[in-house]
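Undergrad: Taking the working numbering, I'd label the letters of the sequence shown as residues 94 to 502.
Where is the CB? At the ideal position from N, CA and C, for every residue including glycine.
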Amino acid sequence: MLLDEAKEKLAKFGQEHVLKYYEELNDEEKTALLEQIEDTDFSILSKCSELGKASKRGEFSPLAAMQISEIEANHDKFYNLGVEAIKAGKTAAVLLAGGMGTRLGSDNPKGMYDIGITKPVFIFQRLFENLMDSVKAADNTYIHLFIMTSEKNNDATVKFLTEKNFFGYPKDKVTFFKQDMAPASDYNGKVYMEGKNRISTSPNGNAGWFSSMIRAGLLDVIHAEGIEWIDVFAVDNVLQRICDPCFVGATIDRNVSVGAKVVRKNAPDEKVGVMCLEDGRPSIVEYYELSQEMMDAKDENGDPAYNYGVILNYLFNEKALEEIAAKELPLHVVEKKIPYIDENANLIKPESPNGCKFEQLVLDMIHMLDSCLPYEVTREKEFAPIKNKTGIDSVESARQLCKINGIEL
Ligand code: UTP
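(1) How about residue 191 and residue 243: do their beta carbons lie closer than 8 Å?
(2) Give every residue of the same chain whose Cβ lies closer than 6 Å to the Cβ of residue 422, excluding the five residues on either side of it in the sequence, and list them in chain order.
(3) What is the DSSP secondary structure of residue 113, reduced to helix, strand or coil?
(4) Grouping DSSP H, G and I as helix and E and B as strand, with all else coil, what is residue 391?
(5) According to DSSP, is residue 153 helix, strand or coil?
(6) Which one of 212, 193, 154 has the shortest CA to CA distance from residue 370?
(7) Between residue 480 and the rest of its own chain, which residues show a CB-CB distance below 6 Å, the 5 nearest in sequence each way excluded?
(8) DSSP state of residue 169, grouped into three classes?
(9) Using only alpha-carbon positions, find the residue among 347, 427, 160, 484 that is nearest to residue 394.
(10) Check whether the segment 441-449 touches the segment 466-475, counting contact only when three or more Cβ pairs, one atom from each stretch, lie closer than 8 Å.
(11) Hey, residue 493 and residue 284: beta-carbon distance below 8 Å or not?
(12) Select from 478, 410, 476 the residue whose C-alpha is nearest the C-alpha of residue 187.
(13) I'd like the list of long-range same chain contacts for residue 263, defined as Cβ closer than 7 Å, with 5 residues on each side in sequence excluded.
(14) For the alpha helix (DSSP H) containing residue 340, list its first residue and its last residue.
(15) Using a Cβ-Cβ cutoff of less than 8 Å, which residues in the same chain neighbour residue 152 once the five nearest sequence positions on both sides are dropped?
(16) Any heavy atom of the ligand UTP closer than 7 Å to the Cβ of residue 197?
(17) Expressed to the nearest angstrom, what Euclidean distance is found between the alpha-carbon atoms of residue 331 and residue 220?
(18) Return the bridge partner residues of residue 314 from the DSSP annotation.
(19) Below 6 Å CB to CB, which residues in the same chain sit around residue 344 once its five sequence neighbours on both sides are set aside?
(20) Only counting the same chain, and skipping five residues up and downstream in sequence, which positions put a Cβ closer than 6 Å to that of residue 103?
(21) May I ask you to report which of helix, strand or coil DSSP gives residue 352?
(22) Using a 10 Å radius around the Cβ and a threshold of 16 neighbouring Cβ atoms, would you call residue 199 buried or exposed?
(23) If you drop the 5 nearest sequence neighbours on each side, which residues of the same chain put their C-beta closer than 7 Å to that of residue 294?
(24) Is residue 405 near the ligand UTP, with its Cβ less than 7 Å from a heavy atom?
(25) Can you find a heavy atom of the ligand UTP that lies under 7 Å from the Cβ of residue 329?
(26) Spatial neighbours of residue 366 within its chain, please: CB distance less than 8 Å, with the 5 preceding and 5 following residues excluded, ordered by chain position.
(27) If I measure Cβ to Cβ from residue 441 and keep anything under 8 Å in the same chain, skipping five residues before and after, which residues do I get?
(28) At which residues does the beta strand (DSSP E) containing residue 490 begin and terminate?
(29) Under 7 Å from any heavy atom of the ligand UTP, does the C-beta of residue 456 make it?
(30) Rounded to the nearest angstrom, what separates residue 499 and residue 216 at their Cα positions?
(31) For residue 184 versus residue 341, is the C-beta distance shorter than 8 Å?
(32) Could you tell me if the beta carbon of residue 73 falls within a distance shorter than 7 Å of some heavy atom in the ligand UTP?
(33) Rounded to a whole number of angstroms, what is the C-alpha to C-alpha distance between residue 327 and residue 189?
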């Protein structure tokens, strides 16, 4: 992009400050900045006025989950179906590792965090160990693991896992791809700069994974390998079971577009997104969107009707994903800490949130699909998320849960 074109584009969106240091830059830096301006969608920044405002939702109704008792009663059928699918190479996994983990506050990718006590145990290591359970259940059929990174953490992630020899997992069964980035702004929608020649960007949320895979040319791999089911999961749950045969089998058996692992809520107002129907389609209602009436509602057994929280582990039918791939996902505005250069061009890493990032969320993908099976798992056995350093959903709580599950740290 030429300088004049860049000026025109920036003026259109009130972002002229991006070129403040342009004249100080060398040729290479100038080119890089102009390219970034060309690639950046500044139109999304006006959305920062939506921060904290509830988005308009449809009419909610309950969606029954497959409960543990039903899963146990059908265990052998589901397990065998799942193992069969894994052995036939029909399942793959996608690790969502593009996030910035700002709450944990480590400079490294979250998966590199060492939760060990007597020995190093990295989050990534735990995930590979868990994946191996499914591999072993299927007579050592290795499952293709796709790892989504972002421009910010890709090199560190690839280097770390290569050095660790993928914790013994065959490296030809691991494929990295990068997600897209979005500009980050202050509360008035003015884009931050993270360097004199660089606009602040952050990963654009965890829903972009399928379109990013397509852009990376991985649809060909999916087709060539005959992958029919993709288990998508978050990096930060160290008890995450991946391509768990029973879950795979139940989802196939029910012939749904997506299976969603869920846990029974601790309390009606627990801060988790809850599986439900919205205007008759599968959806997730956030805890702050639950009305008192919804919290009080009961199913035919007298149990709370909105009782199952999602844990970011979904098994998507690949064909169903292709059908929705062209659809535009909504953009959510989230308040985050965004590193930026101040008026003296010093890089500041804020201690508290200072602006807006723009993200697409997996839950919106679920709503585009026709059918979903919420599949209940035992929280203590499968859900140990690490979001914070201490307190709720922290390294401490995850260590405790690992201990309960006999995992040596
Ligand atoms: P979170 O919503 O917890 O975000 O991600 P985060 O970036 O890891 O952490 P905070 O909010 O900054 O503290 C849930 C999952 O989605 C992935 C994360 O890596 C994690 O596995 N994710 C999130 C992405 O892959 N890309 C994103 O842009 C955002």
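TA: Let me spell this out:
(1) Going by C-beta atoms, residue 191 is nearer than 8 Å to residue 243.
(2) Here residue 422 has 300, 453, 457 as same chain residues with Cβ atoms under 6 Å from its own Cβ, once five neighbours each way along the sequence are excluded.
(3) Coil.
(4) Secondary structure of residue 391 (DSSP, three-state): strand.
(5) Reduced to three states, the DSSP call for residue 153 is strand.
(6) Selected option, being the one with the closest Cα: 154.
(7) Closer than 6 Å at the Cβ level, and outside the excluded window around residue 480, lie 196, 486.
(8) Three-state result, residue 169: helix.
(9) The residue with the shortest Cα to Cα distance from residue 394 is 160.
(10) No, they do not touch.
(11) Taking 8 Å as the cut-off, the Cβ atoms of residue 493 and residue 284 do not count as close.
(12) The shortest Cα separation from residue 187 among 478, 410, 476 belongs to 410.
(13) Answer for residue 263: 235, listed in chain order.
(14) Residue 340 -> alpha helix (DSSP H) spans 338-347.
(15) Cβ contact annotation for residue 152 (same chain, cutoff 8 Å, sequence separation greater than five): 371, 372, in chain order.
(16) Yes, Cβ of residue 197 sits closer than 7 Å to a heavy atom of the ligand UTP.
(17) Distance from the CA of residue 331 to the CA of residue 220, rounded to the nearest whole angstrom, comes to 6 Å.
(18) Looking at the DSSP assignment, residue 314 forms no beta bridge with any residue, so it has no partner.
(19) The beta carbon of residue 344 is closer than 6 Å to those of 352, 408, 466 in its chain, skipping five residues each way along the sequence.
(20) Answer for residue 103: 109, 111, listed in chain order.
(21) Secondary structure of residue 352 (DSSP, three-state): strand.
(22) With fewer than 16 other Cβ atoms within 10 Å, it is exposed.
(23) Around residue 294, the same chain offers 274, 275, 276, 277 as residues with beta carbons nearer than 7 Å, after the five sequence neighbours per side are excluded.
(24) Yes, the Cβ of residue 405 comes within 7 Å of a heavy atom of the ligand UTP.
(25) At least one heavy atom of the ligand UTP is nearer than 7 Å to the Cβ of residue 329, so yes.
(26) Taken in chain order, the residues that qualify are 377, 378, 379, 380, 402, 403, 456.
(27) Excluding sequence positions up to five before and after residue 441, its CB lies within less than 8 Å of the CB of 432, 433, 434, 435, all in the same chain and listed in chain order.
(28) Not the beta strand (DSSP E): residue 490 falls in the alpha helix (DSSP H), residues 488-497.
(29) Outside the cutoff, so no.
(30) C-alpha separation (whole angstroms): 16 Å.
(31) Taking 8 Å as the Cβ cut-off, residue 184 and residue 341 qualify as a contacting pair.
(32) Because the chain here runs from 94 to 502, residue 73 falls outside it and cannot be looked at.
(33) Going by the C-alpha atoms only, they are around 5 Å apart.
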